[in-house]
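Protein chains in written order, with numbering that gives the first Met the number 0: chain A, 0 to 182; chain B, 0 to 553.
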Amino acid sequence: MTLRFLTEHEHDVVRRLADRLLPPHGEFPGAGAAGAADYVDRILGAFATDPPAIWAGGPYSGRHGGESAFDDHLPLSRLEALAWRTRIEGSLGLPEREWNGPVRGWQEIYRNGIAALDTSPDSDGLDLDGQPELRQLLFEHACEASYGAPEYGGNRALAGWRMIGYAGDVQPRGWSDAEVTGA
Amino acid sequence: MPDFDVVVIGSGPGGATAADVLTEEGRSVCVLEKGRNHLLALEAPFAALDHLSNDEVKFGRRHFLGPDPLLEPRSYRRSAADGERTTVGDVNNMPSTVGGAGFHADGKLPRYREVDFRLRSELGPVEGADVADWPVDYDEMEPFYTEAERSIGVAGDHTGNPFAARRSGPYPMPPGADMFLTTLTVPASERLGYHPYRAPTGANSVEFDGRPACNNCGFCAFYGCPIEAKGDPVAMLRRALGRGSCEIRPESVAVELVLDAGGTRAEGVRYLDADGVEHVVTARAVVVAGGAFETPRFLLRSGVGNSSDLVGRHLMFHLQTIALGFFPFRLHAYKGRDVTHLMDDPIVGDSATAVAAHEAGVPYLRGGIVEHGGSGHPIMEALHLPPGEMHSSLMADSPTRDKMVAFTMQGEDLPQASNRVDLDPTVRDVWGFPAGRITYSPHAHDVACAHHWGPRLEQVMTEAGASGTSWVTSPGTPGSRAPDLEPMSKHWMGTTRMGSDPTSSVCDPWQRLWDVDNVVVADSSVFPTSTGYGPTLTLVALAIRASRALAASL
């Protein structure tokens with residue numbers, strides 16, 4: 000797989016950190032093994048593709064009928080692209096991104112946070128206690144990766160959904176009235 | 000010659016209804032919507048754009064329906080004692096997109112009761128609150144409610160609620176499938192003397208108005224419907240477009256009203272298009288339907304309609320009391336509509352609420368409908384569990400999603416002039432306009448009501464078989480489990496209240512600005528009181544009434 004933003008080393012660190020935050024359970028992998036690092040790489044490198052890999056397409060994934068369209072990302076408007084570039088890349092001192100002041104981007108949080116872990120004295124370089132910003136952001140992304148649609152890069156082989164007994168997107172099949180009301 | 004008969008600002012339930020009614024009455028309409036269009040093609044046959052999907056990342060985490068809090072931040076404080084603000088970002092945000100807030104819920108659409116329009120006359124004043132009668136009563140509203148239910152497509156059981164206002168006929172459709180958890184909560188409620196009933200819901204139970212029956216996918220609240228089984232917002236907009244006299248301009252941000260030289264008549268609206276280029280669209284009248292946050296913000300920015308100094312004031316949210324029941328087995332609330340039953344008992348009250356009111360030093364306690372529902376989707380649950388060793392095992396067990404029932408009471412929120420939307424002194428949106436600032440604290444009535452009903456709703460959960468219970472309020476209140484929670488009701492009301500006196504209201508009984516009478520406000524901003532019911536059906540019924548009157552005046 001070609002990485003879009005993370006280096007191989009950073010990808011490996013994110014994978015191992017994600018497994019710490021959302022560990023394996025029984026036969027099911029943790030977030031790292033389920034693809035969290037791929038998820039993070041795709042969002043950090045979202046603008047490497049056109050349209051940017053922000054919003055999956057619709058209306059169906061093909062998992063429960065209909066044609067698969069989730070892999071076809073939806074285009075962003077000019078302002079949506081501005082918001083997502085600012086969120087991901089940071090404001091970088093650009094006036095057009097700083098209408099309310101500087102914004103620290105996700106790329107910087109990951110890159111600097113991992114660099115700090117690399118130089119930390121703890122034995123495995125995975126202690127996030129000193130990196131609360133990275134810890135919070137990665138936790139959110141690991142949750143999204145594990146329990147969101149696999150087209151975003153995580154939830155490999157639907158491991159997250161299978162672990163919790165959840166069908167995910169069900170259109171256009173839906174559920175029958177009996178399935179809704181019955182135990 | 001103006002460009003259009005009417006410019007409508009906002010394409011949510013109020014604006015879409017105005018466009019539908021005005022074009023039906025033969026008027027030409029231009030709808031300015033600041034958000035993107037993900038709903039329907041703007042050329043015939045106005046087909047679905049197929050952007051909507053069952054996707055928690057897109058809708059729940061990546062601001063697909065807007066507003067993006069980076070582009071359009073809001074600020075919040077409880078009172079001026081907090082300083083200029085305590086929060087900047089997402090504050091009780093509602094979708095900003097073609098279709099507006101019609102997307103946000105599964106469309107529970109109850110009518111108000113007769114007393115709700117005459118609260119001041121029937122129950123008297125409350126110290127510290129500006130309780131007022133509405134300048135319209137239920138008898139006048141009934142035919143508009145009937146029309147609104149058909150316009151959206153409401154499914155319900157007209158015999159189910161013993162406290163309901165009189166109706167001239169049944170709902171357009173029978174109710175949809177009951178969610179499994181209500182097979183537990185409904186009998187338990189009845190055993191304790193309450194009166195649950197099937198919720199009137201704007202999701203088709205059968206094919207209706209050319210749209211299919213809901214197939215129970217479970218992605219209702221905060222999601223758009225990929226198969227168009229939810230009538231609000233698509234039904235009204237498609238009808239308006241189909242008449243050939245309606246134009247919708249997405250990504251068009253209304254900057255200000257353009258007035259005549261005397262400042263008493265609107266001549267149009269100045270707006271920015273998707274590229275930031277300024278335009279003026281002229282019209283014989285303007286309908287403002289941005290919702291109870293954006294509408295006052297727009298009027299304040301325009302410097303219009305505020306001779307009473309009441310624009311933005313009397314903001315109401317509903318003080319939500321959320322009782323949680325934790326069950327020892329799975330409930331699969333992710334299948335089907337998000338809420339299938341309601342009960343009005345806290346609105347009506349009983350001897351125990353009268354005692355509680357006396358103890359709280361208020362003349363009455365009026366709660367709100369109690370929604371019998373489940374919880375959200377798995378990413379939401381995952382984010383609320385602590386990271387680390389136990390996370391995955393807790394997710395697999397799912398105590399706060401698949402095994403949880405939530406009762407949400409939409410408690411009546413008494414109007415206070417100090418609760419308001421104004422313009423933040425320093426925070427800006429991406430266009431450079433001042434952000435809207437919310438200042439909000441619940442009244443003692445609202446808090447007392449929540450603290451009375453929280454434990455009572457926990458009793459229902461226990462009766463239904465819950466092995467554990469809890470309750471919180473939104474916003475947080477002292478003594479509840481999360482006292483610092485910000486408002487998250489997704490119900491916005493007040494801020495340009497209507498009335499019969501221009502010194503105590505912003506809009507007249509036909510929702511026209513007292514100061515500029517060819518400007519009509521057609522959203523829940525005009526509500527003088529919040530009642531304890533969701534606002535959408537009533538704002539749509541009012542928008543039908545006001546738009547028909549406007550059409551007749553042109």
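Glycine included, C-beta positions come from ideal geometry on N, C-alpha and C.
Interface flag, K57/B vs chain A, CB-CB below 7 Å: Taking the first residue of the second sequence as position 1, residue 57/B is located at position 58. Yes, K57/B counts as interfacial toward chain A.
Per-residue contacts from R147/A into chain B (C-beta, under 7 Å): Within the first sequence, the letter at position 148 stands for residue 147/A. Per the sequence shown, the amino acid found at residue 147/A is Gly instead of Arg. Listed along chain B are E55, V56 and I378, each with a C-beta nearer than 7 Å to that of G147/A.
Listed by chain order, chain A residues near Y270/B by CB distance under 9 Å: Counting from 1 along the second sequence, the entry for residue 270/B is found at position 271. Within 9 Å Cβ-Cβ: nothing; Y270/B doesn't reach chain A, min ~14 Å.
Any chain A beta carbon closer than 7 Å to N215/B: In the second sequence, residue 215/B corresponds to position 216, counting from 1. Yes, contact with chain A.
P249/B vs P58/A beta-carbon contact at 7 Å: Translated into positions along the second sequence, residue 249/B becomes position 250. Translated into positions along the first sequence, residue 58/A becomes position 59. Cβ atoms of P249/B and P58/A: not closer than 7 Å.
Span of the beta strand (DSSP E), counted from its first residue to its last, around V268/B: Along the second sequence, one-based indexing puts residue 268/B at 269. Note, V268/B: beta strand (DSSP E), A265 to L271.
Nearest candidate by alpha-carbon position, reference V185/B, set L413/B, W491/B and L456/B: As a working mapping, residue 185/B is identified with position 186 in the second sequence. The shortest C-alpha separation from V185/B is found at L456/B.
Short CB-CB distance (under 7 Å) between F116/B and chain A: On the second sequence, position 117 is the one that residue 116/B refers to. Answer no: the Cβ-Cβ gap between F116/B and chain A never drops below 7 Å.
Nearest-angstrom beta carbon gap, E266/B and V257/B [assumed within contact, 8 Å]: The residue you call residue 257/B lines up with position 258 of the second sequence. The residue you call residue 266/B lines up with position 267 of the second sequence. The C-beta separation of V257/B from E266/B comes to about 5 Å, placing the pair in contact by the 8 Å criterion.
Length at least 4, wholly inside the stretch 279-310 of chain B: the alpha helix (DSSP H) runs in chain order: 290-301
Per DSSP, the bridge partner or partners of T407/B: The residue given as residue 407/B occupies position 408 in the second sequence. BP columns for T407/B point to I321/B and E370/B.
C-alpha distance - G98/B paired with V28/B, whole-angstrom precision: Along the second sequence, one-based indexing puts residue 98/B at 99. Along the second sequence, one-based indexing puts residue 28/B at 29. C-alpha separation (whole angstroms): 16 Å.
Where V169/A sits in the DSSP three-state scheme: Sequence index remark: in the first sequence, residue 169/A carries index 170 (1-based). In this structure, V169/A counts as coil in the three-state DSSP scheme.
Burial state of S52/B, where buried means 16 or more other Cβ atoms lie within 10 Å: The sequence position of residue 52/B within the second sequence is 53, counting from 1. Buried, by the Cβ-count rule.
Below-7 Å beta-carbon distance, M403/B vs any chain A residue: The count along the second sequence starts at 1 and reaches residue 403/B at position 404. No - not a single Cβ of chain A is within 7 Å of the one on M403/B.
Bounding residues of the alpha helix (DSSP H) (the contiguous stretch that carries V179/A): Translated into the one-based positions of the first sequence, residue 179/A becomes position 180. Counting along the chain, the alpha helix (DSSP H) containing V179/A begins and ends at D176 to T180.
As assigned by DSSP and simplified to three states, the class of S119/A: Residue mapping note: residue 119/A aligns to position 120 of the first sequence, counting from 1. Three-state DSSP puts S119/A in coil, outside helix and strand.
Cutoff 6 Å; reference G324/B; Cβ partners in own chain excluding five residues on either side: Translated into positions along the second sequence, residue 324/B becomes position 325. Closer than 6 Å at Cβ, skipping near neighbours: V404, M460, A465 and T468.
Residue from P534/B, L108/B, M0/B and D516/B whose Cα sits closest to the Cα of S524/B: Walking along the second sequence from the start, residue 524/B turns up at place 525. The residue with the shortest Cα to Cα distance from S524/B is P534/B.
Under 8 Å by beta carbon: chain A residues contacting M178/B: Looking up residue 178/B in the second sequence gives position 179. In chain order: V179 and T180.
Three-state secondary structure (DSSP) of V205/B: As a position in the second sequence, residue 205/B is number 206, starting the count at 1. Residue state, collapsed to three classes: coil.
N-terminal and C-terminal residue of the alpha helix (DSSP H) that F138/A is part of: Locating residue 138/A in the first sequence gives position 139, where the first residue counts as 1. First-last of the alpha helix (DSSP H) with F138/A: P131 to Y146.
Limits of the beta strand (DSSP E) - the one that D423/B falls within: Within the second sequence, the letter at position 424 stands for residue 423/B. Counting along the chain, the beta strand (DSSP E) containing D423/B begins and ends at R419 to R427.
Nearest to A288/B (by Cα), restricted to the options I543/B, L553/B, R26/B and E126/B: In the second sequence, counting from the first residue as 1, residue 288/B sits at position 289. By alpha-carbon distance to A288/B, the top candidate from I543/B, L553/B, R26/B and E126/B is I543/B.
Rounded separation between G104/A and R84/A - CA only: Locating residue 104/A in the first sequence gives position 105, counting from the first residue. Locating residue 84/A in the first sequence gives position 85, counting from the first residue. Roughly 8 Å separates the two Cα atoms.
Beta carbon proximity, V97/B to chain A, threshold 7 Å: Position 98 of the second sequence, counting from 1, holds the residue named residue 97/B. Judged by the 7 Å Cβ criterion, V97/B is not in contact with chain A.
Integer-rounded CB distance, given that V268/B should sit under 8 Å from I437/B: As a position in the second sequence, residue 437/B is number 438, starting the count at 1. As a position in the second sequence, residue 268/B is number 269, starting the count at 1. That pair is no contact at about 25 Å.
Chain-ordered residues of the stretch 367-395 of chain B with a beta carbon less than 7 Å from chain A: P377, I378, A381, L382, P386, G387, E388, H390, S391, S392, M394 and A395
Residue-chain proximity (Q170/A, chain B), Cβ-Cβ < 7 Å: Within the first sequence, residue 170/A is the residue found at index 171, counting from 1. At least one chain B Cβ lies under 7 Å of Q170/A.
CB contact flag (H451/B, T181/B, <7 Å): Working through the second sequence from its first residue, we reach residue 451/B at position 452. Working through the second sequence from its first residue, we reach residue 181/B at position 182. Not in contact: H451/B and T181/B (Cβ atoms no closer than 7 Å).
For R312/B: DSSP bridge partner residues: Position 313 of the second sequence, counted from the start, is the residue given in the question as residue 312/B. R312/B pairs with R419/B.
Chain B contact for P58/A (CB, 7 Å cutoff): Taking the first sequence and counting its residues from 1, the one referred to as residue 58/A is at position 59. For P58/A, the answer is yes, since a Cβ of chain B falls inside 7 Å of its Cβ.
Candidates E83/B, R300/B and H390/B: closest to I189/A by CA position: Lying outside 0 to 182, the shown extent of chain A, residue 189/A is not represented and no answer is given.
Assumed close pair V519/B, L549/B - CB separation to whole angstroms, cut-off 8 Å: Here residue 519/B is taken as the residue at index 520 of the second sequence, counted from 1. Here residue 549/B is taken as the residue at index 550 of the second sequence, counted from 1. Correct: roughly 5 Å between the Cβ atoms.
Residues sharing a beta bridge with E380/B, DSSP: As a first step, residue 380/B is located in the second sequence; it is residue number 381 there, counting from the start. According to DSSP, which records beta bridges pairwise, E380/B is partnered with nothing at all.
N-terminal and C-terminal residue of the alpha helix (DSSP H) that P186/B is part of: Here residue 186/B refers to the residue found at position 187 of the second sequence. Note, P186/B: alpha helix (DSSP H), T181 to R190.
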